[in-house]
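Peer 1: Sequential numbering from 1218 applies to the sequence shown in my numbering. By construction, the Cβ of each residue, glycine as well, lies at the ideal position given by its N, Cα and C atoms.
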Amino acid sequence: MRDLFDKIYKDKGPLGKWAAQAEGYFVFPKLEGPLSNRMKFQGKEVITWSINDYLGLANMPEVRKVDAEAAAAYGSAYPMGARMMSGHTDLHEQLEEELAEFVEKEAAYLLNFGYQGMVSTIDALVMKNDVIVYDVDAHACIIDGVRLHQGQRYTYKHNDLESIEKNLKRATLMAEKTGGGILLISEGVFGMRGEQGKLKEIIALKEQYNFRLFVDDAHGFGTLGKRGAGTGEEQGVQDKIDVYFATFAKSMASTGAFIAADQEIIDFLKYNLRSQMFAKSLQMQLVVGALKRLDMLRTMPELKEKLWRNVHALQNGLRDKGFDLGTTQSCVTPVYLKGSIPEAMALVKDLRESHGVFCSIVVYPVIPKGLILLRLIPTASHTLEDVTETVTAFSAIRARLENGTYKRMSAVLAEAMGE
Ligand SMILES: Cc1ncc(COP(=O)(O)O)c(C=O)c1O
């Protein structure tokens, strides 16, 4: 018999195998200083394009003040226990009411973390005889929620209507056999490539197929729609989304999340959502902080306007220089380049060291082999100067990528990695 840990000693996993070369720099980097457009990386100032503080709320003095006052008033423990047992307060209820009203649903329920809450909501919404239909490019929290499902599930090709319909047909046949229903799950905005989920088209299919739609709008909430209420508002279909989800970890610049739906669905989830029934309630500091942030999101449209000014400046600036941004329809700004993993590492190092530009890098196995994805997240705290400097830096690194500089620089590394 083998020791349980044998496999771990031998195989660190698809990302973990790069730890020796990558840790501390490409993964687990330490960004220091107040959250803003410019932070410190290894002691040097960098333009930061890798945090999801879309509206620039994270470090605003009025936000920091409310956070600090709430911490002083309640500490980080209150309330103790799960919502159902001893962790319930008026302010939790108030936040839920305000969130529900903002996203135009009858009711909302708080989640401690988006990831965990999504997993648990999927788990609570389906029984063994139900069928799940979901996008193949779904976020890990959707994939992991679906993994808990003991019944049938079908993936459809990313945002592909033909494939969605084909799988709805299959799901309908299956559900007729099992006597269950169908849950279709999409993201509002796909966080890697920035495309909006085809919510409007999916909802149109409700005329032919009987299913319920669950939308993870982590990147849409606060950034899309006239009032910032998200992708459903942007596409004019918010009322047709059956269960709406957003996290506080992006536009709200905090921790926590919520789901919103009809009162009866939320009432059911309150009594069946294991992530909330068997875990401590969201602490008051975060609840009070979220009330403040939601108020700013509702009353300060200038934050979203500034965000979009920066998004347009960055995306147009890069496109004008011939960069491939794929099919983004949101603030998420992916830049696709061609190269090996060692080339990508040399390129990112150059971007950070020579140009002071810090963004996330995504390579195989997250995207196909031979592609490098540099992912930029513009926020309201960026300036047009940040944009200009970044576009210039990107042009410089592309020239070096194309003339083979990074290939040469990375040859030693590539050999060491057996590439
Ligand atoms: C699409 C999507 N869903 C869910 C989550 C998880 O949210 P949280 O960070 O609150 O756990 C994220 C990332 O934060 C996300 O990008």
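1. Which partner residues does Lys1417 have in the DSSP bridge list?
2. Measuring from each Cβ to the nearest heavy atom of ligand 1, keep the ones under 5 Å and list them in chain order.
3. Is DSSP giving Ile1589 helix, strand or coil here?
4. Using a 10 Å radius around the Cβ and a threshold of 16 neighbouring Cβ atoms, would you call Leu1390 buried or exposed?
5. Among Trp1266, Ala1561, Pro1251 and Leu1590, which has the Cα closest to the Cα of Gly1647?
6. State the Cα-Cα distance for the pair Leu1511 and Gly1408, rounded to the nearest angstrom.
7. Tell me the rounded alpha-carbon separation between Arg1515 and Arg1444.
8. Measuring CA to CA, which of Lys1497, Ser1598, Asp1537 and Asp1456 is closest to Val1608?
9. Across the region 1523 to 1535 and the region 1600 to 1616, are there enough close Cβ pairs to call them in contact, namely three or more that are closer than 8 Å?
10. Nearest-angstrom Cα distance between Val1283 and Val1505?
11. Let me know the secondary structure DSSP gives Ala1327 once reduced to three states.
12. With DSSP collapsed to three states, give me the class of Val1432.
13. Counting contacts by CB-CB distance shorter than 8 Å, is Asp1484 in contact with chain D?
14. Have a look at the DSSP bridge pairing and note the partners of Ile1458.
15. Check each candidate in Arg1410, Arg1387, Asp1434 and Glu1379 and name the one with the smallest Cα separation from Ile1402.
16. Where are the beta strand (DSSP E) runs, 3 residues long or more, that stay fully inside the region 1287 to 1371, in chain order?
17. In chain order, what residues of the same chain have a beta carbon less than 8 Å from the beta carbon of Lys1257, not counting five sequence neighbours either side?
18. From the DSSP output, which residues share a beta bridge with Asp1684?
19. Counting along the chain, where does the beta strand (DSSP E) carrying Glu1262 start and finish?
20. Could you spell out where the beta strand (DSSP E) holding Lys1257 opens and where it closes?
21. State yes or no: is the C-beta of Ala1474 within less than 8 Å of the C-beta of Gly1331?
22. So, using beta-carbon positions, are Thr1550 and Leu1531 closer together than 8 Å?
23. Going by DSSP, what residues sit across from Phe1475 in a beta bridge?
Peer 2: Taking the geometry as given:
1. Answer is none; Lys1417 lacks a bridge partner.
2. Checking every Cβ against the heavy atoms of ligand 1 under 5 Å gives Phe1330, Gly1331, Tyr1332, His1356, Cys1358, Gly1408, Asp1433, Ala1435, Thr1464, Ala1466 and Ala1474.
3. Correct three-state label for Ile1589: strand.
4. With fewer than 16 other Cβ atoms within 10 Å, it is exposed.
5. Within the shown structure, residues of the chain are numbered from 1218 to 1636, placing residue 1647 beyond reach of any answer.
6. About 22 Å.
7. Linking Arg1515 to Arg1444 through their CA atoms gives a straight-line distance of about 7 Å.
8. When only C-alpha atoms are compared, the closest one is Asp1537.
9. Touching, yes.
10. In a straight line, the C-alpha of Val1283 is about 7 Å away from that of Val1505.
11. The question names Ala, but residue 1327 in the sequence shown is Leu. Collapsing the DSSP output to three states places Leu1327 in a strand.
12. In the structure shown, Val1432 sits in a strand (DSSP, three-state: E or B).
13. Protein chains in the displayed structure number just one, and chain D is not present.
14. For Ile1458, which the question treats as bridged, DSSP gives no partner whatsoever.
15. When only C-alpha atoms are compared, the closest one is Asp1434.
16. Qualifying beta strand (DSSP E) stretches, in chain order: 1324 to 1328 and 1348 to 1352.
17. Here the set comprises Leu1248, Glu1249, Gly1250 and Val1263.
18. Nothing about residue 1684 can be reported from this structure: the residues present for the chain run from 1218 to 1636 only.
19. Per DSSP, Glu1262 belongs to the beta strand (DSSP E) from Lys1261 to Thr1265.
20. Segment Arg1255 to Phe1258, the beta strand (DSSP E) holding Lys1257.
21. Contact annotation: Ala1474 and Gly1331 have beta-carbon atoms nearer than 8 Å.
22. Taking 8 Å as the Cβ cut-off, Thr1550 and Leu1531 qualify as a contacting pair.
23. According to the DSSP secondary-structure assignment, Phe1475 is paired through a beta bridge with Leu1327 and Ala1463.
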